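Encoded as structure tokens, the structure appears first; notes follow it.
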Amino acid sequence: MTRFPPGPKSSYPGSGFLRFRKDPMGFLERMAREFGDIVHWKMGGQNVFLINDANLIRDVLITQDKKFDKQLEAARSLLGLGLTVSSGELHRRQRQSIQPGFYRDRIAKFAEVMVQCAARAQNRWGENATLDIKREMERIALRVVGETLFGVNLESHAEAVSRAMTRAIGSPSNMMVPMLKWIEKLPLKGVRAAKAGRAVMHAVVDQVIRERRPSAGQTDDLLSSLLVADDQINDASDRQLHDEVMNLLIAGYETTANAMSWAWYLISQHPKVEDCLHQELDRVVGDRSPTMADFEALRLTQNVIRESLRLYPPLWIIWRRTLEDYPINGYVAPAGSLVLMCQHVTHRDKRYFPEPLRFNPDRWTEEFKEHMPKFAYFPFGGGSRQCIGDRFGFLEAVLVVATIARKWKLTLATGHPVVPAPLFTLRPKYGLRMIATRR
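Have a look at this one:
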């Protein structure tokens, strides 16, 4: 049995890591194009495998998932041992404690808050105002997660959290190679900025918990439930509670804000789609605000979000570490290897998506979804580690876009550069300067 599949030649020690770090998405696109469904190279002395086949991805995330762990130790300075990072029995208990907060009936109750937060944001806009839509979506997402999950208004923290996240959020390359944690000990400008950003995020989370603890159990939100059941999550309850809130805050804020931002960018670049979107909103919603009852009828709005998540998935890459030698189609990934699964690459694979670079919400017919391999499209991950708030985030994106597009047309400012920044999430590097005009 051949041990390693084909992959790039190493020009010098560390070349694989440096090429990946310089242009992660471009590098992985080239690897898939040149070497196919299974690619191998070394990164920081570690064996790395990229898999690009939907069935192989399914095996890693579902059928063989017990043979892997998530390997996110390097993210613990920000995420601690929260749901995103933990594994094993702790992860199972955490998910069991948090899952009720995302049951379908509870999410339905959040719809009104999502619409109200979007309406309040757009009420501040003026005709022909120039806005950073990324920042506007961050404000909305932060307020939504604060009011629905934590029972607090986080809007006063919006600017601080936005700046802190920009500094604190790391790159996948640093998280994949544990030996690079020594960089944290160096007096580098970037390291100091990241630490300062993390400190702000930790302070915000501590304040949220401090404000809510006296009223624990008196309100029907997720944080109240976690405060009451604190000792059931982990014996080190205060630290664990902090980590859970941090994970929920980042997942509910950072990923959703980026998803909505990319949707606005794509809508602005496709006038025919925008016209059809406006027609659907006029027909289904009319002069009132959208509600949960409208969700099923907003088919095009949903498909705009689906297609945006395909082309610009905020969760653009995931990875697992092999706990034992793992066979992959005649090759072997030795224990301790990293196995990468890149949504950015797989979502643009012409085997699964005809005209893969084209923004085409109409592709999402019931027949298309039925015949598409499950892991050809996985914007929320998959298996036991699938994003616990996937339905929450999707509903929020649909209702926020519907609320704003009902009244406003957003046009990208002339000359504004739109550059994807593939950090821990995929975000617009320079924000999104757009002009708001009333419909």
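Per my numbering, residue 1203 is the first one in the sequence shown, and the count goes up by one each step.
Built from N, CA and C at the ideal position, the CB exists for glycine as well.
Just so you know, these numbers come straight off a predicted model, no measurement behind them.
Rounded distance between the beta-carbons of Asn1330 and Ile1637, thought under 8 angstroms: For this step, residue 1637 is matched to residue 435 along the sequence shown. For this step, residue 1330 is matched to residue 128 along the sequence shown. Right, the Cβ-Cβ distance comes to about 6 angstroms (below 8 angstroms), so this counts as a contact.
Rounded distance between the beta-carbons of Arg1337 and Gly1633, thought under 8 angstroms: Within the sequence shown, the letter at position 431 stands for residue 1633. Within the sequence shown, the letter at position 135 stands for residue 1337. Yes, Gly1633 and Arg1337 are in contact; Cβ-Cβ is about 6 angstroms, under 8 angstroms.
Check whether Asp1271 and Ile1253 have beta carbons under 8 angstroms apart: For the purposes of this step, residue 1271 is identified with residue 69 of the sequence shown, where counting begins at 1. For the purposes of this step, residue 1253 is identified with residue 51 of the sequence shown, where counting begins at 1. It is not a contact, given that the beta carbons lie outside the stated cut-off.
Separation of Ser1288 from Pro1302, as counted between CA atoms: What you label residue 1302 is simply residue 100 of the sequence shown in a count that begins at 1. What you label residue 1288 is simply residue 86 of the sequence shown in a count that begins at 1. Going by the C-alpha atoms only, they are around 19 angstroms apart.
Presumed contact (8 angstroms Cβ cut-off) between Gly1284 and Glu1446, rounded CB distance: Counted from its first residue, the sequence shown places residue 1284 at position 82. Counted from its first residue, the sequence shown places residue 1446 at position 244. Approximately 5 angstroms separates the beta-carbon atoms of Gly1284 and Glu1446; this is inside 8 angstroms, confirming the contact.
Sub-8 angstroms separation of Met1339 and Ser1463 beta-carbons: On the sequence shown, position 137 is the one that residue 1339 refers to. On the sequence shown, position 261 is the one that residue 1463 refers to. In this structure, Ser1463 lies closer than 8 angstroms to Met1339 by Cβ.
Close-in-space but distant-in-sequence residues of the same chain around Met1494 (CB under 7 angstroms, 5 per side omitted): On the sequence shown, residue 1494 is found 292 positions in, with the first residue counted as 1. Here the set comprises Ala1310, Ala1313.
Pro1207 (DSSP reduced to helix, strand or coil): If you number the sequence shown from 1, residue 1207 lands on position 5. Residue state, collapsed to three classes: coil.
Of the listed residues Leu1628, Leu1502, Ala1396, nearest to Trp1518 (C-alpha basis): For the purposes of this step, residue 1518 is identified with residue 316 of the sequence shown, where counting begins at 1. Of Leu1628, Leu1502, Ala1396, the residue nearest in Cα terms is Leu1628.
8 angstroms Cβ cutoff met for Ser1650 and Ala1461: Here the chain covers residues 1203 to 1641 and nothing more, so residue 1650 does not appear.
DSSP three-state assignment for Lys1552, whether helix, strand or coil: The residue labelled residue 1552 in the question sits at position 350 within the sequence shown. DSSP places Lys1552 in coil when its eight states are reduced to three.
C-alpha distance - Asp1496 paired with Asp1307, whole-angstrom precision: Locating residue 1496 in the sequence shown gives position 294, counting from the first residue. Locating residue 1307 in the sequence shown gives position 105, counting from the first residue. Answer to the nearest angstrom: the Cα atoms are 15 angstroms apart.
Anticipated Cβ contact below 8 angstroms, Lys1609 with Gln1324, distance rounded: Sequence index remark: in the sequence shown, residue 1609 carries index 407 (1-based). Sequence index remark: in the sequence shown, residue 1324 carries index 122 (1-based). Contact flag correct, Cβ pair sits at about 6 angstroms.
Euclidean distance between Cα positions of Gln1644 and Thr1524: Nothing can be reported for residue 1644: it is not among the residues displayed for the chain, which extend from 1203 to 1641.
Alpha-carbon to alpha-carbon, Glu1482 and Leu1607: Translated into the one-based positions of the sequence shown, residue 1607 becomes position 405. Translated into the one-based positions of the sequence shown, residue 1482 becomes position 280. According to the sequence as given, residue 1607 is Ala; it is not Leu. Approximately 10 angstroms between the Cα atoms of the pair.
Cβ-Cβ distance between Pro1210 and Met1233 below 8 angstroms: One-based indexing of the sequence shown puts residue 1210 at position 8. One-based indexing of the sequence shown puts residue 1233 at position 31. Against a cut-off of 8 angstroms, the Cβ pair of Met1233 and Pro1210 comes out as a contact.
Val1621 classed as buried or exposed, judged by whether at least 16 other C-beta atoms fall within 10 angstroms: As a first step, residue 1621 must be located in the sequence shown, where it is residue number 419. Around the beta carbon of Val1621, fewer than 16 other beta carbons sit within 10 angstroms, so the residue counts as exposed.
Coarse secondary structure for Val1621, derived from DSSP in three states: For the purposes of this step, residue 1621 is identified with residue 419 of the sequence shown, where counting begins at 1. Three-state DSSP puts Val1621 in coil, outside helix and strand.
Minimum Cβ-Cβ distance from Met1233 to chain C less than 8 angstroms: Chain labels in this structure do not include chain C; a single protein chain is all it has.
Whole-angstrom distance between Gly1591 and Asp1433, CA atom to CA atom: Along the sequence shown, one-based indexing puts residue 1433 at 231. Along the sequence shown, one-based indexing puts residue 1591 at 389. Low confidence applies here, because Asp1433 scores a pLDDT of 48, under 50, leaving its location unreliable; read the following figure in that light. Near 23 angstroms, if we compare the C-alpha coordinates of Gly1591 and Asp1433.
Burial state of Thr1458, where buried means 16 or more other Cβ atoms lie within 10 Å: Residue 1458 sits at position 256 when you count from the first residue of the sequence shown. Per the 10 Å Cβ criterion, buried.
Best match in Leu1597, Phe1555, Asp1564, Tyr1455 for proximity to Tyr1579 [C-alpha to C-alpha]: For this step, residue 1579 is matched to residue 377 along the sequence shown. Looking at the Cα atoms, Phe1555 is the closest of the given residues.
DSSP-derived helix/strand/coil call for Thr1567: Residue 1567 sits at position 365 when you count from the first residue of the sequence shown. The answer is coil: DSSP assigns Thr1567 none of H, G, I, E or B.
Separation of Gln1588 from Ala1405, as counted between CA atoms: Sequence index remark: in the sequence shown, residue 1405 carries index 203 (1-based). Sequence index remark: in the sequence shown, residue 1588 carries index 386 (1-based). Straight-line Cα distance between these residues: approximately 28 angstroms.
Enclosing beta strand (DSSP E) for Val1534 [first to last residue]: Residue 1534 sits at position 332 when you count from the first residue of the sequence shown. Following the DSSP letters along the chain, one finds Val1534 inside the beta strand (DSSP E) bounded by residues 1533 to 1535.
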